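J.: Let me begin by handing over the structure; questions about it come next.
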Amino acid sequence: MSGIYIHIPFCKQACHYCDFHFSTSLKKKSELVSALQRELILRKNELLNEPIQTIYFGGGTPSLLNLEELNAIFETIYTEFNISENPEITLEANPDDLSEEKLNELANSKINRLSIGVQSFFEEDLKLMNRAHNAEEALKSIKLARSKFDNISVDLIYGIPGMSNERWLENIQILLDLDIPHISSYALTVEPNTALQKFIEKGKVKPVDDAAAAKHFEILRTTLKNAGFEHYEFSNYGKPGYFSQNNTAYWLGKPYLGIGPSAHSYDGNCRKWNIANNTLYIKAIEKSELPLEIEELSITDRYNEYIMTRLRTHFGVDLEEIETKFGEKYVKYLKEQSVILFQKELLKIENDVMHITEKGTFLSDGIAADLFYID
């Protein structure tokens with residue numbers, strides 16, 4: 001099974017923390033949609049006619065596409081690719097785009113899963129992040145979406161400067177009261193060259209407090225676990241039957257095709273990524289050229305990626321699978337490197353599968369780095 005990721009590089013305004021590729025000018029939107037269709041055709045053989053189980057519209061803000069534009073992309077996908085019988089088709093959406101009319105359009109399209117970028121239900125947080133919606137729109141959009149879609153995920157951000165534990169818990173409780181079956185939650189990070197970094201440097205915004213973020217993470221995990229959610233990946237929590245198939249395929253190393261400016265692809269042996277420039281992307285595709293770079297992954301690269309992705313999930317690191325995929329040398333190295341992590345109770349092992357302990361969960365990226373093989 002494979003997946004298709006489509007990057008929609010447009011936003012109404014720039015969030016202060018975001019370093020993804022996007023443009024706030026929508027002038028080239030129709031040209032971009034045509035280019036996406038053309039790239040899909042140019043690259044259709046890369047997935048070797050494998051069934052497509054997931055289609056994911058990310059961004060940027062995919063909810064800025066109208067129904068005609070979405071249907072044009074779907075027509076190309078369904079014409080050129082082998083689509084499985086019941087694919088998961090996700091659209092990322094911002095609350096301010098989700099009017100009743102828009103939701104009716106989406107419900108009548110092939111979209112069957114919404115991922116709504118709320119981030120917070122409090123005005124002070126939304127203003128600090130420069131989100132395009134307000135708290136009232138956030139709440140209203142989810143209630144409307146809940147009446148049209150069963151499979152909904154909502155994004156929340158924790159570790160926001162000035163956010164108390166009580167306010168963070170209230171954010172979570174609002175989603176539980178709305179019976180949302182999947183929640184993705186991320187710590188606010190200060191990326192280079194973002195507005196947030198500049199505001200912190202100038203003293204306009206307090207620095208991000210790692211200890212506060214760690215406490216928010218603990219509140220989140222405990223509250224959602226008690227509410228029947230499974231913490232199946234570091235930043236993702238789902239009720240049974242509502243795990244993201246798209247994200248799960250990524251963590252399990254399944255192949256996927258990334259379409260659009262800055263989009264990444266993976267086929268098991270190499271990574272490809274498109275140029276992060278809308279104009280140059282469109283010009284190249286119009287000439288039937290692929291504006292992408294390719295990185296061939298060594299066996300060590302693939303081992304390190306396996307460690308990085310699997311340790312973040314409930315799937316864990318399977319020693320038998322490592323020996324089969326990468327060889328005995330890597331199993332031996334992994335066992336040697338993990339001794340001290342077991343002693344610190346940051347790792348545990350069950351049936352030859354390594355998992356991060358509850359104590360180590362918030363440190364998962366650092367633990368993975370300790371297990372990387374360095375050539």
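According to full-length UniProt numbering, the sequence shown holds residues 1 to 375 in order. Virtual Cβ for every residue (Gly too), placed ideally from N, Cα, C. Keep in mind it's a predicted model, so treat the numbers as computed, not measured.
1. For residue 272, collect the residues of the same chain with a Cβ closer than 6 Å to its Cβ; drop the 5 residues on either side in sequence, then sort them by chain order.
2. Do you know offhand how far residue 151's Cα is from residue 173's?
3. Decide if residue 449 is buried, meaning its Cβ has at least 16 other Cβ atoms within 10 Å, or exposed.
4. For residue 208, which residues in the same chain have their Cβ closer than 7 Å to its Cβ, ignoring the five residues on either side in sequence?
5. Short of 8 Å in beta carbon distance, which residues of its chain neighbour residue 352, apart from the five on each side in sequence? Order them along the chain.
6. To the nearest angstrom, report how far apart residue 170 and residue 5 are at their CA atoms.
7. Using a Cβ-Cβ cut-off of 7 Å (strictly less than) and excluding sequence neighbours within five positions of residue 363, which residues of its own chain qualify?
8. Scan the stretch 332–372 and note each continuous beta strand (DSSP E) run of 3 residues or more that stays entirely inside, going in chain order.
9. Using the C-alpha atoms, what's the distance from residue 146 back to residue 115?
10. Identify whether residue 250 lies in helix, strand or coil by the three-state DSSP scheme.
11. Go through its chain and collect everything with a Cβ distance to residue 371's Cβ below 7 Å, but skip five positions before and after it.
12. Evaluate residue 222 with the Cβ neighbour count: other Cβ atoms within 10 Å of its Cβ, from every protein chain shown; 16 or more gives buried, anything less gives exposed.
13. Count the other C-beta atoms from every protein chain shown that fall within 10 angstroms of the C-beta of residue 192, then say buried if there are 16 or more, exposed otherwise.
14. Do the CB positions of residue 19 and residue 63 come within less than 7 Å of each other?
15. Which class does residue 183 belong to by DSSP, given the choice of helix, strand or coil?
16. Can you list the beta strand (DSSP E) stretches of 3 or more residues lying completely in the stretch 185–245, in chain order?
17. Smallest Cα separation from residue 240: which of 125, 246, 249 and 230?
18. Taking a contact to mean a Cβ-Cβ separation below 7 Å, would you say residue 95 touches residue 138 in this structure?
19. Applying the 10 Å Cβ sphere with the 16-neighbour rule, what's the burial state of residue 260?
20. When you compare each of 73, 101, 328 and 313 to residue 365 by their alpha carbons, which one comes out closest?
21. Would you say the stretch 279–291 touches the stretch 29–42, given that touching needs at least three Cβ pairs under 8 Å?
22. Which runs of the beta strand (DSSP E), 3 residues or longer, sit entirely within the stretch 247–290?
23. List the endpoints of the continuous beta strand (DSSP E) containing residue 90.
24. Considering Cα atoms alone, identify which of 142, 143, 305 and 344 is closest to residue 330.
25. Mind checking which residues open and close the alpha helix (DSSP H) that includes residue 303?
26. Quick check on residue 77: does DSSP put it in helix, strand or coil?
27. So what's residue 172 in DSSP terms, helix, strand or just coil?
28. Apply the 10 Å Cβ neighbour rule to residue 246 and answer buried if 16 or more other Cβ atoms are within range, or exposed otherwise.
29. Where does residue 111 fall in DSSP's three states?
30. Residue 117 to residue 197, Cα distance in whole Å?
31. Measuring only the C-alpha atoms, how far is residue 153 from residue 55?
32. From residue 167 to residue 3, what distance separates their C-alpha atoms?
33. Between which residues of its own chain and residue 194 is the CB-CB distance below 8 Å, once the five residues before and five after are set aside?
34. Go ahead and label residue 210 buried or exposed: buried means 16 or more other beta carbons lie within 10 angstroms of its beta carbon, across all protein chains shown.
35. By the 10 Å Cβ neighbour count, where 16 or more other Cβ atoms means buried, how is residue 254 classified, buried or exposed?
36. Alpha carbon to alpha carbon, what distance is there between residue 10 and residue 26?
T.: Judging by the given coordinates:
1. 265, 292 and 294
2. 19 Å
3. Because the chain here runs from 1 to 375, residue 449 falls outside it and cannot be looked at.
4. 159, 161, 188 and 190
5. 318, 319 and 320
6. 33 Å
7. 346
8. 347–350 and 353–356
9. 12 Å
10. helix
11. 307, 334, 337 and 338
12. exposed
13. exposed
14. no
15. strand
16. 230–233 and 236–238
17. 230
18. yes
19. buried
20. 313
21. yes
22. 256–259, 264–266 and 270–274
23. 83–93
24. 305
25. 299–311
26. helix
27. helix
28. buried
29. coil
30. 21 Å
31. 15 Å
32. 37 Å
33. 16, 17, 18 and 19
34. exposed
35. buried
36. 7 Å
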